[in-house]
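One structure below.
2 protein chains.
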Amino acid sequence: MYNKINNEDIAYLKSFIPAGRIFVGEEISADFGHDELGGIEKMPDVLINVLSTEEVSKIMKYAYDHDLPVVARGSGTDLVGAAVALEGGIMICTSLMNHILELDENNLTITVEPGVLLMELQAYVEERDFFYPPDPGEKSATIGGNISTNAGGMRAVKYGVTRDFVRGLTVVLPNGDVEQLGGKVVKNSSGYDLKDLIIGSEGTLCIITEAILKLLPKPSESVSMLLPFKTMEKAIEVVPEIIKSKASLTAIEFMSLNTINYAEDFLGKKFPDTNYEAYILLTFDGNSLREIEEEYNKVVDLCLEHGAIDGYFVDTDERKKSVWNTRGALLEAIKASTDLMDECDVVVPKDKVAKFIKYTYDVSKEVGLRIPSFGHAGDGNLHVYLCRDGLEEKVWEERCNKAFDLLYEKAIEYKGMVSGEHGIGYAKKAYLKNQLGEKQIELMRGIKKVFDPKNILNPGKVI
Amino acid sequence: MYNKINNEDIAYLKSFIPAGRIFVGEEISADFGHDELGGIEKMPDVLINVLSTEEVSKIMKYAYDHDLPVVARGSGTDLVGAAVALEGGIMICTSLMNHILELDENNLTITVEPGVLLMELQAYVEERDFFYPPDPGEKSATIGGNISTNAGGMRAVKYGVTRDFVRGLTVVLPNGDVEQLGGKVVKNSSGYDLKDLIIGSEGTLCIITEAILKLLPKPSESVSMLLPFKTMEKAIEVVPEIIKSKASLTAIEFMSLNTINYAEDFLGKKFPDTNYEAYILLTFDGNSLREIEEEYNKVVDLCLEHGAIDGYFVDTDERKKSVWNTRGALLEAIKASTDLMDECDVVVPKDKVAKFIKYTYDVSKEVGLRIPSFGHAGDGNLHVYLCRDGLEEKVWEERCNKAFDLLYEKAIEYKGMVSGEHGIGYAKKAYLKNQLGEKQIELMRGIKKVFDPKNILNPGKVI
């Protein structure tokens, strides 16, 4: 089906990619053989650190003409195997395309290369009093990766997800053609929405080489509050009450004491309070403290009425650091607490979060796996982790599959979706198909074929 | 290519659609032969007022099996011929599917049938203290129509467009299959984004039979201000200054004295001030007057510094009525001022609006047509009207084509798009192709074929 890369191919690629940016066979670091999903490894035959749209176009044109598979990769932080070169071939790494090209203050947009890291983008705009709201936990992911999975993050409650902040894309199609989708315009009703089709397509339809992102003015004030509850059930049940109150919140996160304990161990640092089983972390932002105050007073009163034990301001530098470092380290901490883990990134309607979390406890007992979780209570997106904890391969696989079946079944029952922000990649394909049904998968396969008739771009992913 | 509808087809359709909801041949009102685009008329052979997803599915299955063309239609208010049955066949009218199915206060969503009118939806949610921000000028359009063109409206500056408020869709595919896309979930990274592909596809990929829309809490306060300027240039040039100031505005509209005069004649009512050539209308909203006050004081000071003659509050009931009625009547008023008109709904980056408006004056002189305009200065979406004013058919067509060529060329030069919110339909196909190029049109045609291999759904539109 695909051709195996040969010496002629290598010679051609080296004719325009200088040494130091192209690596062949054993020269390639083992890091490029996997992403953050455990249990799947496959090395590309050639790794190229690209610098420009033109280079990507030239590589794709050659790959298309010679039937070579290609995978694009940013920081490789994804959790579903989307950036693994299952068929070998060429890996295009965008890490060196990490320049901020233009900050346009008249149109409130920023134009960036795909390899810019989320944390670099956030720092750059915030220093200049602008704001890029999408805030996934993994700050060292690239913007190209964030767009390819439609990453969401904590501030989706108020601001939405990555999709809502992408105004335009420059993309290279599988045959090497370069196309502009969208632009700096705010409204667009000009033909089918190819831009939104690319967002979240996990590098299977084209390679993103430039993005125009929407910015907001930076809110001058932000306040976070930590509220302990006796049980996780009580904690999560307060969330629909908050939403019904119509208060304006930026983020509503939940954390259980056991995941906080993993993070304390992992970071070697104490969380400000560890007397209760569950915690809700609320964030409010705006342009005046007065305005925010009205909101948080209303919400904290409501939480106290509905079972919160207390409400702490996360205000001192020390406390901010302690709370946000813990929140930021939860994934790594759970990972460090076991030998292998797999994850379930379901999203359910907001009023089903409490029930779903409770259900993970039932599944944990039923299948015999530790299943810690944390996540975005305010937008229904849960991060649920299945931990191997030294189980034998076969037992682990059986229990893991059973747990996934139960969890995704429940998500469907609640009219949720398989993935809220991590994507489908290689690992969740079967569950996607199970949820969407044959017809929608068939439509998606048809679309894939329209963009990539030879199936050379990131084969074996999503559908 | 298509079969002509025969008596057997009619008999089948009448077997499950009762009399009173199905009309054949001359029974069909002439209204269904056109939309609001002048100069194009074509009657469908059968008109069916559907009541349910099941009926739509049954009709589509039959049409698919028998190669009959089908066009879905709501209120027929569109301006590009998208709802005209160019090939005859079956017209499915959704006007009777006008029920609000569920208001979900836990998830801040509302589920509606496609025939609900925008004004009905807005009234329903606002009575209950919720807010559906998209606010296109044509309030008697259906929600199904708004979704099919990704309508924008005045409040896009702060809140975005229809796309940003569609969480889920129930659609009937050309072969009659019924699919759910998205749902009540806030985040979604589960396969290709079919939902956003349908939004703005003008009824060419499937028929929308239900929509889950996102709501916001209703802002308790809203303030509008009217600012006169000596010239349109001065008026529009202030807009980038407002945007750069990072003030939070809901809407920034511009109106010229001549369009205001048409509206005065049309409505038989006076506008509060007609001493100046150009007016900017600003809207602010929020949850406290204090908060809004800070914003509008900042913005009005800025405008006065940059050439505004004055700043009137649009506060008394009388003044509100006068200003908003005028703004709402601009399109109808321009239409009433001439025998025939055509429109250009370009969107350009916000900082190009002033230049583009100035360019319409040049084009008017160059081609010899009256070209009034108004629109959304705050989001770059302009509504530019070419008026026939009694010209002979051939002269009108020549001048009209020349003007369109010049206007769309300039839009491309400014990196704008052919349509901000009215869509492509039948009338703008050539300009879309010219802007996007062969490759993107080819991708769109490929997608159309994946959804509608027999090209029976709204043929001859968009691409």
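Line order of the protein sequences matches chains A and B. Per the numbering used here, the first sequence starts with residue 32, numbered consecutively. Per the numbering used here, the second sequence starts with residue 32, numbered consecutively. Note that the Cβ used here is the ideal one computed from N, Cα and C, for glycine as well.
Query	Result
At least one CB of chain B closer than 8 Å to the CB of A:Gly411: is that the case?	yes
Below 9 Å on C-beta distance, what does B:Glu169 contact in chain A?	Those within 9 Å of B:Glu169 in chain A number zero; the least Cβ separation is about 14 Å.
So is B:Asp316 in contact with chain A if we call contact Cβ pairs under 8 Å?	no
Decide if B:Lys226 is buried, meaning its Cβ has at least 16 other Cβ atoms within 10 Å, or exposed.	buried
Can the beta-carbon of B:Tyr457 be found less than 8 Å from the beta-carbon of B:Val102?	no
Residues of chain B with CB under 7 Å from A:Leu139, in chain order?	Ile274
Just to make sure I have the definition right: I need the residues of chain B whose C-beta is within less than 7 Å of the C-beta of A:Ser220. Which are they?	Thr180, Asn181, Gly231, Ser450, Gly451, Glu452, His453 and Gly454
For chain A, is any of its Cβ atoms less than 8 Å away from the one on B:Asp332?	no
Rounded to whole angstroms, how far is the Cβ of A:Phe162 from the Cβ of A:Pro250, which I believe are closer than 8 Å?	7 Å
Tell me, please, whether the CB atom of B:Glu322 is closer than 8 Å to any CB atom in chain A?	yes
Classify A:Ala103 as helix, strand or coil using the three-state DSSP reduction.	strand
If we count Cβ pairs, one from each stretch, closer than 8 Å, do we get three or more for the segment 186-193 of chain A versus the segment 142-153 of chain A?	no
Using DSSP bridges, identify the partner residues of A:Lys245.	A:Thr140
Sort A:Lys459, A:Ser220 and A:Lys470 by Cα distance to A:Leu68 and report the nearest one.	A:Lys459
For the putative contact between A:Tyr307 and A:Leu320, defined by C-beta atoms under 8 Å, what is the C-beta separation to the nearest angstrom?	Going by Cβ atoms, the distance from A:Tyr307 to A:Leu320 rounds to 28 Å, so no, they are not a contact pair.
Please check if any C-beta of chain B sits within less than 8 Å of the C-beta of A:Asp436.	no
State the DSSP-derived secondary structure class of B:Arg401, mapped to helix, strand or coil.	strand
Check for me: the alpha helix (DSSP H) holding A:Ser353 runs from which residue to which?	Asp348 to Ala367
Could you check how far apart the C-beta atoms of B:Leu313 and B:Ile283 are, in whole angstroms? I think they sit under 8 Å.	6 Å
What does the alpha-carbon distance come out to for the pair A:Ser220 and B:Ala278?	27 Å
Three-state secondary structure (DSSP) at B:Leu417?	strand
Name, please, each residue of chain B whose Cβ falls closer than 9 Å to the Cβ of A:Phe405.	Within chain B, no residue comes near A:Phe405; the closest Cβ sits about 15 Å away, beyond 9 Å.
For A:Asp40, which of A:Gly64, A:Glu336 and A:Tyr95 has the nearest alpha-carbon?	A:Tyr95
Are the segment 68-77 of chain A and the segment 111-130 of chain A in contact at 8 Å, needing three or more beta carbon pairs?	yes
Quick one: list the residues of chain B neighbouring A:Pro248, beta-carbon separation under 7 Å, in chain order.	Lys277
If I measure Cβ to Cβ from B:Val269 and keep anything under 6 Å in the same chain, skipping five residues before and after, which residues do I get?	Cys334 and His337
Shorter than 8 Å from the beta carbon of A:Gly105 to some beta carbon of chain B?	no
DSSP state of B:Met286, grouped into three classes?	strand
Please return the same chain residues whose Cβ sits closer than 8 Å to the Cβ of B:Val156, not counting the five positions on each side in sequence.	Leu134, Ile141, Phe162, Tyr163, Leu246 and Lys249
Whose C-alpha, out of A:Tyr445, A:Val55 and A:Ser404, is nearest the C-alpha of A:Leu413?	A:Ser404
Using the Cα positions of A:Arg52 and A:Val147, report the straight-line distance between them to the nearest angstrom.	18 Å
Just the chain A side, please: which residues come within less than 7 Å of B:Glu210 by C-beta, in chain order?	Lys470 and Gln471
For chain A, is any of its Cβ atoms less than 8 Å away from the one on B:Pro164?	no
Quick one: is B:Val102 near chain A, going by C-beta distance under 8 Å?	no
Could you tell me which residues DSSP pairs with B:Gln211 in its beta bridges?	B:Thr201
Pick out the complete alpha helix (DSSP H) segments inside the segment 33-70 of chain B, 4 residues or longer, and give them in chain order.	38-47
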